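Chemist:
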Amino acid sequence: MADVQSVQALVTSSPASIPPEFVRSEHERPGVTTFRGGAAPEIPVIDMSAPDAGARVAEASADWGLFQVVNHGVPREAVAELQRVGREFFALPQEEKQRYAMDPSSGKIEGYGSKLQKDADGKKTWSDFFFHNVSPPAMVSHDVWPDRPVGYREANEVYCGHMIRFARKLFGHLSAGLGMEDGAMWEAFGGGEMVFLQKINFYPPCPEPELTLGVAPHTDLSTLTVLVPNEVQGLQVFRDGHWYDAAYVPDALIIHIGDQIEILSNGRYKAVLHRTTVNKEKTRMSWPVFIEPPPEYVVGPHPQLVTDESPSKYKAKKFEDYRHCKINKLPM
């Protein structure tokens, strides 16, 4: 497999400027397009232990498609250990990380790399990543997981266990917000067969952060995404024609509503358009878990949510077909 041309390796040469392939068009540059006009709307922060947590989750999913949660039940120690092994993996020598390079010819997205899909204009993003399945067991290939750092496998397995429990609770709130039984959405997306994918995003310091992006604008193709960031701000959300910063909230998890929930809810919940900026002095990292239906599952608007007054807005499609079309920028 080909060596990864990593941004991390590029930065070791201390460039004074970024290569042309990283420079975004003017209408995309964060230095131009980030909202700086005074008071910005606040992205919801929800206390999951509060009596109204379920109602607030449903409201935020319909209004923003993104929110942060605190008192979520995922132990701080499990998050800290996940972050430790992620930081230590990216601190390994480049040749050791190359052992886990993603193989594009395999058709799989697991492994170490720096580009998951091409932008339409061929531009690159200022980021590297490591990607692998963590659940269900039948979908996990431990040969993709690194031998080092010590504790990598245990940290990811422990965190995944907490993610499954948290996701089930979150799906319950989302189902109830649509007037369905608590377990309706969990089962509609595959229940215990749902695929949990762990990703580590690594955004090195950038000499010209105002000209480039860590991740280009997109919605997630997942059901939902649960993300842990480090303390370096970078996530931005598009709303009412503006890009807004998502403030760092200590110990919070950031929830992105993805395409599959928008489809299943027949548009009542919305997938959030978001992007990532980078920093001149500091490394930003994030640890998203993407929760997806099994590849062969057909996802369409839930029958309970399709009526004469609210007809179906989306075509039902196998998730593997939806993913193929989106990644390759083909018509849906």
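Residue numbers for the sequence shown follow the working numbering, beginning at 7 and rising by one. The beta-carbon is built from N, C-alpha and C at its ideal position, and this holds for glycine as well. Treat the numbers as computed from the prediction; the structure is a model and nothing was measured.
Given a cut-off of 7 Å, decide if Pro294 and Phe325 are closer than it, judged by their beta-carbon atoms.
Modeler: The answer is no: Cβ separation not under 7 Å.
Chemist: Give the DSSP-derived three-state secondary structure of Thr33 in the structure shown.
Modeler: The sequence as given places His at residue 33; Thr does not occur at that position. Of the three classes helix, strand and coil, the one that applies to His33 here is coil, per DSSP.
Chemist: Taking DSSP as the reference, what is the three-state secondary structure of Met416?
Modeler: With the chain covering 7 to 338 only, the question about residue 416 has no answer from this structure.
Chemist: For Gly92, count neighbouring C-beta atoms within 10 Å of its own C-beta (all shown protein chains included) and say buried if the count is 16 or more, exposed if not.
Modeler: Classification for Gly92: buried.
Chemist: Mapping DSSP to helix, strand and coil, what is Leu233?
Modeler: Leu233: strand per DSSP, three-state reduction.
Chemist: Do Gln310 and Met200 count as a contact pair if the criterion is CB distance below 7 Å?
Modeler: Result no, Cβ atoms of Met200 and Gln310 do not sit closer than 7 Å.
Chemist: Out of Tyr118, Asp265, Thr231, point me to the one whose CA is closest to Glu101's CA.
Modeler: Nearest C-alpha to Glu101: Tyr118.
Chemist: Give the DSSP-derived three-state secondary structure of Thr225 in the structure shown.
Modeler: Coil at Thr225, not helix or strand.
Chemist: List the whole-angstrom C-beta distance separating Ser120 from Gly220, where the pair is believed to meet the contact cut-off of C-beta under 8 Å.
Modeler: Not quite, the Cβ-Cβ distance comes to about 11 Å (not below 8 Å), so this is no contact.
Chemist: I'd like the list of long-range same chain contacts for Gly79, defined as Cβ closer than 8 Å, with 5 residues on each side in sequence excluded.
Modeler: Only Met54, His168, Arg171, Phe172, Lys175 meet the Cβ criterion.
Chemist: Can at least three beta-carbon pairs, one atom from the stretch 217-233 and one from the stretch 24-43, be found at a separation below 8 Å?
Modeler: Touching, yes, given that three or more Cβ pairs across the two stretches are closer than 8 Å.
Chemist: Just tell me which of Val305, Pro211, Ser228 has its CA closest to the CA of Arg290.
Modeler: With distances taken between Cα atoms, Arg290 lies closest to Pro211.
Chemist: Taking DSSP as the reference, what is the three-state secondary structure of Tyr158?
Modeler: Helix, per DSSP.
Chemist: Just how far apart, CA to CA, sit Ser181 and Pro50?
Modeler: The alpha-carbon atoms of Ser181 and Pro50 are separated by roughly 19 Å.
Chemist: Count the CB pairs spanning the stretch 33-49 and the stretch 60-78 that are closer than 8 Å, and state whether there are at least three.
Modeler: A contact exists between the stretch 33-49 and the stretch 60-78.
Chemist: Nearest to Ala322 by alpha carbon, out of Ser271, Ser292, Asn285?
Modeler: Comparing Cα positions, the closest option is Ser271.
Chemist: What does the alpha-carbon distance come out to for the pair Leu203 and Gly196?
Modeler: Approximately 15 Å between the Cα atoms of the pair.
Chemist: Taking the continuous alpha helix (DSSP H) assigned at Trp192, which residues delimit it?
Modeler: 190-194 is the span of the alpha helix (DSSP H), which, as asked, contains Trp192.
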